[in-house]
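A.B. asks: The structure's right below; bear with me while I get my questions together.
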């Protein structure tokens with residue numbers, strides 16, 4: 087069964103500090119991995135997307151890494167801001183009969199405090 | 015572009031009532047889908063559509079119906095609401111993926127549904 091596990095479940099950091107969120111998956115055949123940011127009361131918004139051949143992708147202060155051999159990904163947030171407070175969701179897609187079957191992680195709830 | 019819009023934003027139903035959650039997109043996306051998000055669980059796919067007139071079941075389809083008469087609209091119907099359907103519902107759309115080609119999913123703002 088395809089699974090996506092994220093850690094930690096929640097995290098509190100001081101404004102200006104860095105943090106790293108983890109994602110482990112058992113999805114095959116692997117197609118791509120995405121990180122989404124979901125603000126409270128809103129829909130998820132895409133941050134990065136990586137395919138099998140990519141091992142790092144940046145979007146401003148967000149940097150995602152992918153190790154397809156160990157089936158792990160991380161999302162590193164640099165110089166955190168109060169607006170980074172949100173849930174971060176790891177999403178892994180598998181190829182399935184010409185379409186992509188998508189499995190969502192539960193998310194990591196990040197709170198940035200002054 | 016309004017992107018993906020959903021109405022209503024909040025809804026309270028009594029057990030057994032029916033209602034339709036509306037979803038529309040103005041990006042000419044072929045693929046549209048409905049998810050539910052519950053505490054402690056990842057988003058789960060309810061139904062999806064790869065184009066007008068074509069729909070299929072996702073992971074948790076029971077208790078829900080969909081139709082896709084136009085490219086823009088993809089309503090979700092609850093025929094007889096149950097407390098287990100209390101959740102936040104998200105509609106999403108994207109261009110149709112094919113093989114390993116990826117197309118970003120755009121999500122609506124969500125509908126928070128409570129069934130008493």
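Residue numbers (the numbering used here), protein chains in the order written: chain A, 87 to 200; chain B, 15 to 130. Quick reminder that beta carbons are idealized off the backbone N, C-alpha and C, glycines included.
Is the Cβ-Cβ distance between residue 70 of chain B and residue 62 of chain B less than 8 Å?
C.D. replies: Yes, Cβ-Cβ distance for residue 70 of chain B and residue 62 of chain B is below 8 Å.
A.B. asks: Is the separation between the beta-carbon of residue 190 of chain A and that of residue 57 of chain B shorter than 8 Å?
C.D. replies: Yes; because the gap between Cβ atoms is below 8 Å, this pair is in contact.
A.B. asks: Using beta-carbon positions only, say whether residue 116 of chain A and residue 154 of chain A come within less than 8 Å of one another.
C.D. replies: Against a cut-off of 8 Å, the Cβ pair of residue 154 of chain A and residue 116 of chain A comes out as a contact.
A.B. asks: Report the residue from A:134, A:138, A:179 and A:186 whose alpha carbon sits nearest the alpha carbon of residue 161 of chain A.
C.D. replies: If we check each option's Cα against that of residue 161 of chain A, A:134 comes out closest.
A.B. asks: Mind checking if residue 90 of chain B is an interface residue toward chain A, Cβ cutoff 8 Å exclusive?
C.D. replies: Judged by the 8 Å Cβ criterion, residue 90 of chain B is not in contact with chain A.
A.B. asks: When you compare the CB of residue 24 of chain B with every CB in chain A, is at least one pair closer than 8 Å?
C.D. replies: Not closer than 8 Å to any Cβ of chain A, the Cβ of residue 24 of chain B fails to qualify, so no.
A.B. asks: Nearest chain A C-beta to residue 114 of chain B closer than 8 Å, yes or no?
C.D. replies: Because the pLDDT at residue 114 of chain B is just 47, under 50, the model does not fix this residue reliably, and the point stays unresolved.
A.B. asks: Let me know if residue 120 of chain B comes out buried or exposed under the rule of 16 or more other beta-carbons within 10 Å of its beta-carbon.
C.D. replies: Classification of residue 120 of chain B: buried, given that the 10 Å Cβ count is 16 or more.
A.B. asks: Any Cβ of chain A within less than 8 Å of the Cβ of residue 123 of chain B?
C.D. replies: Yes, residue 123 of chain B lies at the interface with chain A (some Cβ there is under 8 Å from its Cβ).
A.B. asks: Using a Cβ-Cβ cutoff of less than 6 Å, which residues in the same chain neighbour residue 87 of chain B once the five nearest sequence positions on both sides are dropped?
C.D. replies: Contacts found: 38.
A.B. asks: Pick helix, strand or coil for residue 169 of chain A, following the three-state DSSP scheme.
C.D. replies: Residue state, collapsed to three classes: helix.
A.B. asks: What first and last residue would you give for the beta strand (DSSP E) that runs through residue 225 of chain A?
C.D. replies: Since the first residue shown for chain A is 87 and the last is 200, residue 225 of chain A is missing from the structure and cannot be characterised.
A.B. asks: Identify whether residue 139 of chain A lies in helix, strand or coil by the three-state DSSP scheme.
C.D. replies: Residue 139 of chain A: coil per DSSP, three-state reduction.
A.B. asks: Can you confirm whether residue 130 of chain A, when its beta carbon is compared against all beta carbons of chain B, has any partner nearer than 8 Å?
C.D. replies: Yes, residue 130 of chain A lies at the interface with chain B (some Cβ there is under 8 Å from its Cβ).
A.B. asks: Taking just the CA atoms, how far does residue 140 of chain A sit from residue 92 of chain A?
C.D. replies: Their backbone Cα atoms lie some 20 Å apart in a straight line.
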